[in-house]
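Everything below concerns the one structure shown next.
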Amino acid sequence: MKQQVPSTEPELTGVRNFRDVGGLPTVDGRRVRHGVLFRSGHLAHATEQDTAFLASLGLHTVFDFRNAADQKLEGPDVALPGVRNVNLPLSDPADGAEFWKMVRDGDLDQLRAILDGGKGADRMIASYRTMVTERTAEHSQVLHALAEDSVPAL
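Just so you know, we're using this note's numbering here: the sequence shown kicks off at 351 and counts up by one.
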């Protein structure tokens with residue numbers, strides 16, 4: 351039986367999926383340094399405590415990969431003092447418009463038809479693959495910013 355290791359990541363109330371990317375292996379066998387690169391969901395619902403914690407990280411840059419429709423729906427990221435916010439949408443709002451209309455309309459039969467039997471996972475895989483293969487300019491901007499000492503970054 352595999353033992354569960356307790357998470358060392360903070361419990362943020364209004365920010366989902368926050369974690370330090372440090373420790374992940376790189377292609378050349380090294381590891382990403384701790385405290386330099388973080389990832390999370392959007393910061394639109396960050397609480398005061400979340401914001402204080404994020405500010406304590408000494409972030410230089412926050413990259414927001416949401417498109418305009420997502421930002422309108424969820425709200426803008428909270429502003430952190432002295433931190434540069436960079437919006438680089440990795441998806442086109444039109445790509446999922448039909449799907450989200452079905453969700454809003456509560457069309458469960460149609461949603462089941464397109465998501466059942468592993469089709470939901472296939473859609474997610476295709477979506478993420480598209481983000482990598484078709485949004486190369488955005489990924490290049492992030493990598494250049496990180497190389498130009500825009501770290502720590504989220």
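For each residue, glycine too, the CB sits at the ideal point set by N, CA and C.
By the 10 Å Cβ neighbour count, where 16 or more other Cβ atoms means buried, how is residue i classified, buried or exposed?
i      : result
Leu374 : exposed
Arg416 : buried
Ala476 : exposed
Could you pull out every residue in the same chain whose Cβ sits closer than 6 angstroms to the Cβ of residue i, ignoring the five residues on either side in sequence?
i      : result
Asp472 : none
Asp414 : Asp427, Asn437
Who are the Cβ neighbours of residue i in its own chain at under 8 angstroms, not counting the five residues just before and after it?
i      : result
Ala418 : Pro439, Pro443
Nearest to residue i by CA position, among the options, is which residue?
i      : options                        : result
Val501 : Val453, Val428, Arg381, Leu409 : Leu409
Asn435 : Arg369, Glu359, Ala394         : Ala394
Arg369 : Trp450, Gly379, Arg389         : Arg389
Leu496 : Thr480, Gly379, Arg383, Arg454 : Arg383
What are the residues that DSSP puts in a beta bridge with residue i?
i      : result
Phe413 : Val436
I need the straight-line Cα distance from residue i to residue j, nearest angstrom please.
i      : j      : result
Thr403 : Leu493 : The question names Thr, yet the displayed sequence has Phe at residue 403. Rounded to whole angstroms, Phe403 to Leu493 spans 25 angstroms at the Cα level.
Lys451 : Leu504 : 31 angstroms
Gly456 : Glu488 : 34 angstroms
Thr401 : Gly432 : 13 angstroms
Give every residue of the same chain whose Cβ lies closer than 7 angstroms to the Cβ of residue i, excluding the five residues on either side of it in the sequence, and list them in chain order.
i      : result
Gly379 : none
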